[in-house]
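Engineer: Right, I'll just put the structure down here and ask away after.
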């Protein structure tokens, strides 16, 4: 797992690369929250294009990110979700509480 | 129905083994010539079950997780993931979506994912003795096969 985080004009982009499971998620949540706290972005985009595997740990990463962004009045959405992670998100019904778009 | 192949894997409940367990099962199931979607769904289901052992069965230390898989002549696979850990007081409650005792780095969706991605899921648990999750999935037989 690797994370690539950038910020441009208060829009934060988090690119999640590799496999996102419980082992990866604990470290990932901490790093994302630290980045949010340091930069106080207005928008946060979770870009999943580089994800090769995801289980329900990914749902927790998304919800924790959204929670922290809500606390500072920011918005969060999820983009470029590949087919396998999309099936996990579909099964969870999380698309009712956050905007998610799949990979083209 | 005839068992055509079987495997058993014992691993300590370290989170680094989540990836190993799901990959090992995926390799084994490849004998049934699954589609990529079927294989990925099984990997996710195994990942959920192994993560549950690590987070819930052995919260304060390292214990043994036993992963078994059997292939059957009707092109189905049965996967069981067993621990000797804390056990689940209320299995029905644990299986409810969004229910978790795992803290806010867990989503409570593990059993929901296992149920969604397999044909049958059974959970047997005794508090203080451990839990065994058994999943079964039929792998589609593709045109031209056999």
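Chains as they are written, first to last, in our numbering: chain A, 1 to 104; chain B, 1001 to 1146.
The beta carbon of each residue, even a glycine, is placed where N, CA and C say it ideally should be.
(1) Would you call the CB atoms of residue 1137 (chain B) and residue 1066 (chain B) closer than 8 angstroms?
(2) Taking 8 angstroms as the CB-CB limit, is residue 92 (chain A) close to chain B?
(3) What are the residues in the region 1101-1116 of chain B lying within 7 angstroms of chain A by C-beta distance?
(4) Under the assumption that residue 1010 (chain B) contacts residue 1072 (chain B) (Cβ atoms under 8 angstroms), give the Cβ distance between them as a whole number of angstroms.
(5) Got a sec: is the Cβ-Cβ distance from residue 19 (chain A) to anything in chain B below 8 angstroms?
(6) Is there a C-beta anywhere in chain B that falls below 8 angstroms from the one on residue 68 (chain A)?
(7) Step through the CB atoms of chain A and report whether any lies within less than 8 angstroms of the CB of residue 1076 (chain B).
(8) On the criterion of 16 or more Cβ atoms from any shown chain inside 10 Å, does residue 104 (chain A) qualify as buried, or is it exposed?
(9) Looking only at its own chain, which residues have a Cβ that is under 8 angstroms from the Cβ of residue 3 (chain A), when we skip the five neighbours before and after it?
(10) For residue 57 (chain A), which option in B:1070, B:1113 and B:1118 has the closest C-alpha, if you only look at C-alpha atoms?
(11) Can you look up residue 1078 (chain B) in the DSSP assignment and give me helix, strand or coil?
(12) Can the beta-carbon of residue 1125 (chain B) be found less than 8 angstroms from the beta-carbon of residue 1088 (chain B)?
(13) Determine the chain A residues that contact residue 1060 (chain B) at a beta-carbon separation under 7 angstroms, and present them in chain order.
(14) What residues of chain B sit near residue 56 (chain A), judged by a beta carbon separation below 7 angstroms?
(15) Can you pull the chain B neighbours of residue 25 (chain A), defined as C-beta to C-beta under 7 angstroms?
(16) Can you tell me whether residue 1096 (chain B) is buried or exposed? The criterion is at least 16 other CB atoms within 10 Å of its CB, across all chains shown.
(17) Residues of chain B with CB under 7 angstroms from residue 60 (chain A), in chain order?
(18) State whether the region 1093-1111 of chain B contacts the region 1038-1052 of chain B, with contact taken as three or more CB pairs (one from each stretch) at a distance under 8 angstroms.
(19) Any Cβ of chain B within less than 8 angstroms of the Cβ of residue 100 (chain A)?
Structural biologist: With the structure as the only source:
(1) Cβ distance not < 8 angstroms, so residue 1137 (chain B) and residue 1066 (chain B) don't count as in contact.
(2) Residue 92 (chain A) counts as touching chain B.
(3) Here the close residues are 1104, 1105, 1106, 1107, 1109, 1110, 1112, 1113 and 1116.
(4) Cβ atoms of residue 1010 (chain B) and residue 1072 (chain B) stay farther apart than 8 angstroms, at about 23 angstroms.
(5) Yes - at least one Cβ of chain B is within 8 angstroms of the one on residue 19 (chain A).
(6) With 8 angstroms as the cut-off, residue 68 (chain A) does not count as an interface residue toward chain B.
(7) Taking a beta-carbon distance threshold of 8 angstroms, residue 1076 (chain B) does not count as an interface residue toward chain A.
(8) The Cβ neighbour count for residue 104 (chain A), taken over all protein chains shown within 10 Å, is under 16; the residue is labelled exposed.
(9) So the list reads 14, 15, 16, 17, 28, 31 and 32, once near-sequence residues are dropped.
(10) For residue 57 (chain A), the nearest C-alpha among the options comes from B:1113.
(11) In the three-state scheme derived from DSSP, where H, G and I count as helix and E and B as strand, residue 1078 (chain B) is classed as strand.
(12) Judged by beta-carbon spacing, residue 1088 (chain B) lies within the 8 angstroms limit of residue 1125 (chain B), meaning their Cβ atoms are closer than that value.
(13) Residues of chain A whose Cβ lies closer than 7 angstroms to the Cβ of residue 1060 (chain B) do not exist, since the nearest Cβ in that chain is about 16 angstroms away.
(14) What residue 56 (chain A) touches in chain B: 1048, 1107, 1109, 1110 and 1113.
(15) 1105, listed in chain order.
(16) It counts as exposed.
(17) Residues of chain B passing the Cβ test: 1105, 1106 and 1107.
(18) Yes, the region 1093-1111 of chain B is in contact with the region 1038-1052 of chain B.
(19) Using a CB distance cut-off of 8 angstroms, residue 100 (chain A) does not count as an interface residue toward chain B.
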